[in-house]
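Novice:
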Amino acid sequence: MSNQRPSISPLFLSQFEVDESVPFQRHLNRLEVEIGQEDYSKLKRVELLDEVPDEATFAAMLEITERLLKSTQNNYNRELIKRLQIRIYLDPIQYSVYYRLPDRCLRFVATWRQEVLQRFFADVPTEDSGWHTCGHALPEFEGRYRPDAAGGALLLRHRQENIRQQSPLITASHGPYDPHTLEVTLYFLRTGKGGSAIINLGFAGREPLTDENLAQLESWGVPLNPSNIDVIYPYIDEHGHPYCYKLEEGLPNYMTTLELSLPELLIDIHGCVGTFSDDRRVVVGLGGLPPYRSPNDIGRFLKEEDVLFLRPNDTVKEGLNLIRDLSAEMYVQFCAGTHLCYNFALLGGMQLLGFQVDPETDIDSLIDGEERTFLPKENLRWIPGAGANALQRIAAHKLNPMTQCLHVEIPTAVRRKMVLKLRSLEIESSLDASGL
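Residues in the sequence shown are numbered from 96 upward in steps of one, following our numbering.
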């Protein structure tokens, strides 16, 4: 399997038609935007430029018009771009996207990415920054910006080598798409739950625009439909391969840059929307696609009639204990085969109590036409189908066969709580530094 390129998830390929009479009804991302009330307000900003850049400026950029038109899920947006004769360009250095119309030009600015880089480097680096101390942004750590074709990545590591070599690695693979996963990562590092981290700064192409940006676009005569705005930042590269897998597939290169031997515990942080507005249940995935995991790979497994007991091994137990303060309710899910999966509740003594799941009969989608699955009887999100988790485990095991990868899905309400906790730690650190 290691020689095969991963297939594109159905989530990226699902086709839908936008009703021309209601072109601004959301079709995809409805769960995150309409139900979960995820905050995407700081991701992007759209501007109407006073002057259209000259030909030399566009020639220095990468034209991505045909790539976006070929790959977009949104047929309404595809036809709109064709009708308005829009040519789309990417400035890979500044990570801005230009919409070039016959009579004017719009620019999309990756504001979240800029703010993150300024937080750690004071400016926005355009090439490999080398290692710099993080200062008040993250005491005792140093950071490095690594550029790539899709927004780059932020690498963080503890300045004491023994700590970073012995502590878990934290990854935030979908930084901008999963709001506040950066803050959760920083909270983990500040509280000793990790010695290093890799944060994706690039978009995966699915991040929706805010209603304010959409209103501006409509006033400028470019009424894009808000469902999966994948006609701005592409989610595939020039070879048709998804950018959203770049951290998992690039793990060996990032480990080399970190000068780190892969630890036995890797915590991959993601954001999800639960099954109700104040859902605070954290779900930890241990693998849903090949290579499959048997319960005995994870710990001591016992079965009494229809009740399953699993006492996790030391590494998995350590990982669950590190993320325990995210929520009082945690669940562990994984698959041992196509039709043999498990859902476990984490008990107080770090034991797991659960039952078998057959995805074909026991799970459903929260919204018709979207790959947002859950267990209807338990009203609980179901996450083991994530292909990136399998890619990460494959890459990790090549570097260290003992590494356990925990795919942590954190609901919106919990991530917002962690933002407040991080701010409290930052204030305490600032007061200590000032001697107050």
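Don't be surprised by glycine CBs; every beta carbon is placed ideally from N, CA and C.
(1) What did DSSP end up calling residue 366 once you bin it into helix, strand or coil?
(2) Pull up the CB-CB distance for residue 112 and residue 170, whole angstroms please, since I reckon it's below 8 Å.
(3) Where do the ends of the beta strand (DSSP E) carrying residue 425 lie?
(4) What did DSSP end up calling residue 73 once you bin it into helix, strand or coil?
(5) Which stretch, first to last residue, makes up the beta strand (DSSP E) that contains residue 293?
(6) Using the beta-carbon count (16 or more within 10 Å), is residue 128 buried or exposed?
(7) Assign residue 79 to buried or exposed, taking buried as 16 or more other Cβ atoms, counted over all protein chains shown, within 10 Å of its Cβ.
(8) Provide the residue span of the beta strand (DSSP E) that contains residue 253, from first to last.
(9) Excluding sequence positions up to five away, which residues of its chain have a Cβ less than 6 Å from the Cβ of residue 220?
(10) Does the beta-carbon distance from residue 510 to residue 279 come in below 8 Å?
(11) Spatial neighbours of residue 347 within its chain, please: CB distance less than 8 Å, with the 5 preceding and 5 following residues excluded, ordered by chain position.
(12) Compare the Cα-Cα distances from residue 248 to each of 232, 305, 208 and 120 and report the closest residue.
(13) Hey, out of 363, 364 and 378, whose CA is closest to residue 370's CA?
(14) Am I right that residue 366 and residue 275 are in contact with their C-beta atoms under 8 Å? What's the rounded C-beta distance?
(15) Distance check for residue 179 and residue 263, CA to CA, integer angstroms please.
(16) Can you find the residues in the same chain that come closer than 6 Å, C-beta to C-beta, to residue 265, ignoring five residues on each side of it along the sequence?
(17) Are residue 250 and residue 352 close, meaning C-beta to C-beta below 8 Å?
(18) Is the beta carbon of residue 324 closer than 8 Å to that of residue 307?
(19) Residues in its own chain within less than 7 Å of residue 534 by CB, not counting five upstream and five downstream?
(20) Check the C-beta distance from residue 159 over to residue 271 and give it rounded, since I have them as a contact under 8 Å.
(21) Answer yes if the region 470 to 480 comes into contact with the region 417 to 436, meaning at least three C-beta pairs across the two stretches below 8 Å, and no otherwise.
(22) If residue 214 and residue 232 are in contact, beta carbons under 8 Å, what's the gap, nearest whole angstrom?
(23) Does the contact criterion of 3 or more C-beta pairs under 8 Å hold for the region 500 to 520 versus the region 409 to 422?
(24) For residue 167, which residues of its own chain have a beta-carbon under 7 Å away from its beta-carbon, when the five flanking residues on both sides are left out?
Specialist: Judging by the given coordinates:
(1) In the sequence shown, the residue the question calls residue 366 occupies position 271. Of the three classes helix, strand and coil, the one that applies to residue 366 here is strand, per DSSP.
(2) By 1-based counting over the sequence shown, the position of residue 112 is 17. By 1-based counting over the sequence shown, the position of residue 170 is 75. Going by Cβ atoms, the distance from residue 112 to residue 170 rounds to 6 Å, so yes, they are a contact pair.
(3) For the purposes of this step, residue 425 is taken as the residue at position 330 of the sequence shown. Its beta strand (DSSP E) spans residues 425 to 430.
(4) Because the chain spans 96 through 531 in this model, residue 73 falls outside it and cannot be assessed.
(5) Along the sequence shown, one-based indexing puts residue 293 at 198. Element bounds for residue 293: 291 to 295.
(6) Numbered from its first residue, the sequence shown carries residue 128 at position 33. By the 10 Å Cβ count, residue 128 comes out buried.
(7) Not covered by the structure: residue 79. The range shown for the chain is 96 to 531.
(8) One-based indexing of the sequence shown puts residue 253 at position 158. Its beta strand (DSSP E) spans residues 248 to 253.
(9) One-based indexing of the sequence shown puts residue 220 at position 125. Closer than 6 Å at the Cβ level, and outside the excluded window around residue 220, lie 240.
(10) Start at 1 with the first residue of the sequence shown, and residue 510 comes out as number 415. Start at 1 with the first residue of the sequence shown, and residue 279 comes out as number 184. In contact: residue 510 and residue 279 (Cβ atoms closer than 8 Å).
(11) Counting from 1 along the sequence shown, the entry for residue 347 is found at position 252. These residues qualify, in order along the chain: 490, 493 and 494.
(12) As a first step, residue 248 is located in the sequence shown; it is residue number 153 there, counting from the start. Taking only the C-alpha atoms, the option nearest residue 248 is 208.
(13) In the sequence shown, counting from the first residue as 1, residue 370 sits at position 275. With distances taken between Cα atoms, residue 370 lies closest to 378.
(14) Position 271 of the sequence shown, counting from 1, holds the residue named residue 366. Position 180 of the sequence shown, counting from 1, holds the residue named residue 275. About 7 Å; that satisfies the 8 Å criterion.
(15) Position 168 of the sequence shown holds residue 263. Position 84 of the sequence shown holds residue 179. The straight-line gap from Cα to Cα measures roughly 50 Å.
(16) Translated into the one-based positions of the sequence shown, residue 265 becomes position 170. Hits under 6 Å: 280, 283, 289, 292 and 362.
(17) Your numbering for residue 250 matches position 155 in the sequence shown. Your numbering for residue 352 matches position 257 in the sequence shown. Closer than 8 Å, so yes.
(18) Within the sequence shown, residue 307 is the residue found at index 212, counting from 1. Within the sequence shown, residue 324 is the residue found at index 229, counting from 1. Contact flag unset, no.
(19) Outside the shown range of the chain (96 to 531) lies residue 534, about which nothing can therefore be said.
(20) Counted from its first residue, the sequence shown places residue 159 at position 64. Counted from its first residue, the sequence shown places residue 271 at position 176. The Cβ separation is near 18 Å, so there is no contact.
(21) yes
(22) Along the sequence shown, one-based indexing puts residue 214 at 119. Along the sequence shown, one-based indexing puts residue 232 at 137. Rounded, the Cβ-Cβ distance is 5 Å, consistent with contact.
(23) yes
(24) Here residue 167 is taken as the residue at index 72 of the sequence shown, counted from 1. These residues qualify, in order along the chain: 173, 325 and 326.
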